[in-house]
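I have placed the structure first, in the form of structure tokens, so that the comments after it can refer back to it.
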Amino acid sequence: MIRLLIVDDHQLMRDGLVRLLSLEPEIELVGTACDGAEAVRMVAEHQPDLVLMDIRMPEKSGIQATREIKAQHPNVKVILLTMHDEDDYVFEGMGAGASGYLLKDSSRDELIGSIHRVHAGQVEMTPSVTRKIVAEFATLHQGKREKPPQSAAPEDLSRREMDVLKLVVRGCSNRQIAQELYIDETTVKTHLHKIFEKLNVRDRTQAAILAMQRGWCQPSNTPVFTRQ
């Protein structure tokens with residue numbers, strides 16, 4: 303069971319998340335909080351495995367609360383849930399120790415899947431957030447050299463897996479990758495699982511940055527590597 307605490311200052315949002323997640327047999331709701339200060343107190347009281355936390359809240363923001371929770375309870379994981387994906391929020395949230403960053407318009411399956419993956423130790427980011435991180439990496443890297451040195455792609459990555467990896471670097475969602483490659487989303491997830499395993503990375507952000515570091519792909523529509 304995943305012991306979950308929901309934190310949001312809007313009651314309708316809290317109630318909606320409770321109704322949605324209470325139907326999941328592997329999730330146990332330990333409570334709800336309406337602001338960051340209450341979230342910190344409830345984590346100490348209920349010891350959840352994971353906190354689903356809004357960012358913009360009165361008294362204490364989700365980022366401030368995340369920073370305190372991680373300092374006091376390092377094993378508690380936090381997913382930041384917000385309407386916004388501005389750069390400041392993305393990087394501040396990561397710096398505070400959040401293990402995930404999802405937009406509130408994420409689908410039910412995306413939310414539940416993210417909760418399970420973060421609980422299992424992965425870092426979960428929406429494709430738009432991955433795109434921002436990759437873009438930031440590219441900007442920092444550009445100041446050091448014109449482009450990263452290109453090396454041969456891993457031989458155990460198939461051509462299709464390389465196609466998927468290139469689209470991950472471009473910040474495409476699973477649905478967009480499926481549409482681009484004319485495959486279904488289940489197949490995309492299978493390819494991603496194999497890519498993560500073969501590259502020894504935990505998530506799509508790590509895979510994208512590794513691909514750029516090795517010069518296999520770049521964050522544009524034109525890949526720099528094409529398997530023959």
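Per the working numbering, the very first residue in the sequence shown carries number 303; after that it's consecutive.
Ideal Cβ positions, reconstructed from N, Cα and C, are used throughout, including at glycine.
- Task: Alpha carbon to alpha carbon, how far is Ile511 from Gly532? Give it in angstroms, no decimals.
- Result: In the structure as shown, the chain begins at 303 and stops at 530. Residue 532 is therefore absent and cannot be evaluated.
- Message: Within a Cβ cutoff of 8 Å, which residues of the same chain sit near Ser363, ignoring the five residues on either side of it in sequence?
- Response: Walking along the sequence shown from the start, residue 363 turns up at place 61. Here the set comprises Gly338 and Ile357.
- Task: Following the continuous alpha helix (DSSP H) through Tyr494, name the residue where it begins and the one where it ends.
- Result: Translated into the one-based positions of the sequence shown, residue 494 becomes position 192. According to the sequence displayed, residue 494 carries Leu and not Tyr. Looking at the DSSP string, the run of the alpha helix (DSSP H) that includes Leu494 is Glu487 to Leu501.
- Identify the continuous beta strand (DSSP E) that holds Val380 and give its terminal residues. Here residue 380 refers to the residue found at position 78 when the sequence shown is read from its first residue. Note, Val380: beta strand (DSSP E), Lys379 to Thr384.
- Item | Residues near Leu413 in its chain [Cβ-Cβ closer than 7 Å; skip 5 each side] | Looking up residue 413 in the sequence shown gives position 111. Counting only Cβ-Cβ distances below 7 Å, and skipping sequence neighbours, we find Leu404.
- Item | Neighbour-count burial assignment, Gln424, 16 or more Cβ in a 10 Å radius | Working through the sequence shown from its first residue, we reach residue 424 at position 122. It counts as buried.
- Task: Check the DSSP bridge columns for Met355 and list the partner residues they point to.
- Result: For this step, residue 355 is matched to residue 53 along the sequence shown. Answer is Val309 and Leu382, bridged to Met355.
- Can you tell me the Cα-Cα spacing of Pro429 and Arg477, whole angstroms? In the sequence shown, residue 429 corresponds to position 127, counting from 1. In the sequence shown, residue 477 corresponds to position 175, counting from 1. Pro429 and Arg477: Cα-Cα distance of roughly 10 Å.
- Simplified DSSP state of Leu404, which is helix, strand or coil: To locate residue 404, count along the sequence shown from 1; it is residue 102. Three-state DSSP puts Leu404 in a strand.
- Would you grab the beta carbon distance between Ile371 and Val342 for me? Rounded to a whole angstrom, and I think it's under 8 Å. For the purposes of this step, residue 371 is taken as residue 69 along the sequence shown, with counting starting at 1. For the purposes of this step, residue 342 is taken as residue 40 along the sequence shown, with counting starting at 1. 6 Å between Cβ atoms; contact.
- Query: Measuring CB to CB, does Met344 end up less than 8 Å from Ile381?
  - Reply: Along the sequence shown, one-based indexing puts residue 344 at 42. Along the sequence shown, one-based indexing puts residue 381 at 79. Cβ atoms of Met344 and Ile381: not closer than 8 Å.
- Query: Given Glu330, which residues of its chain have a CB within under 6 Å of its CB, disregarding the five upstream and five downstream residues?
  - Reply: Here residue 330 refers to the residue found at position 28 of the sequence shown. Answer for Glu330: Met303 and Arg305, listed in chain order.
- Task: Flag this pair as yes or no: are the beta carbons of Ile497 and Glu463 separated by less than 8 Å?
- Result: Along the sequence shown, read from residue 1 onward, the residue named residue 497 stands at position 195. Along the sequence shown, read from residue 1 onward, the residue named residue 463 stands at position 161. The answer is yes: Cβ separation under 8 Å.
- Assigned exposure category for Met396 - 16 Cβ within 10 Å defines buried: Here residue 396 is taken as the residue at index 94 of the sequence shown, counted from 1. With 16 or more other Cβ atoms within 10 Å, it is buried.
- Item | Under the three-state DSSP convention, the category Gly333 falls into | Indexing the sequence shown from 1 puts residue 333 at position 31. Gly333 falls in the strand class under three-state DSSP.
- Message: Rounded to whole angstroms, what is the Cα-Cα separation between Arg504 and Val470?
- Response: Within the sequence shown, the letter at position 202 stands for residue 504. Within the sequence shown, the letter at position 168 stands for residue 470. Cα to Cα, the separation comes out at about 14 Å.
- Mind reading off the beta-carbon distance from Ile365 to Glu394? Whole number of angstroms is fine, and I expect it under 8 Å. Position 63 of the sequence shown, counting from 1, holds the residue named residue 365. Position 92 of the sequence shown, counting from 1, holds the residue named residue 394. Rounded, the Cβ-Cβ distance is 5 Å, consistent with contact.
- Task: Name the two residues that bound the continuous alpha helix (DSSP H) containing Leu469.
- Result: Residue 469 sits at position 167 when you count from the first residue of the sequence shown. Leu469 -> alpha helix (DSSP H) spans Arg461 to Val471.
- Assign Ala373 to one of two classes, buried (16 or more other C-beta atoms within 10 Å of its C-beta) or exposed (fewer than that). Translated into positions along the sequence shown, residue 373 becomes position 71. Exposed: under 16 other Cβ atoms inside 10 Å.
- Message: Please classify Arg506 as buried or exposed, where buried requires at least 16 other C-beta atoms within 10 Å of its C-beta.
- Response: Working through the sequence shown from its first residue, we reach residue 506 at position 204. Answer is buried; the Cβ neighbour count reaches 16.
- Query: For Glu426, which beta-bridge partners are listed by DSSP?
  - Reply: Your numbering for residue 426 matches position 124 in the sequence shown. Answer is Gly402, bridged to Glu426.
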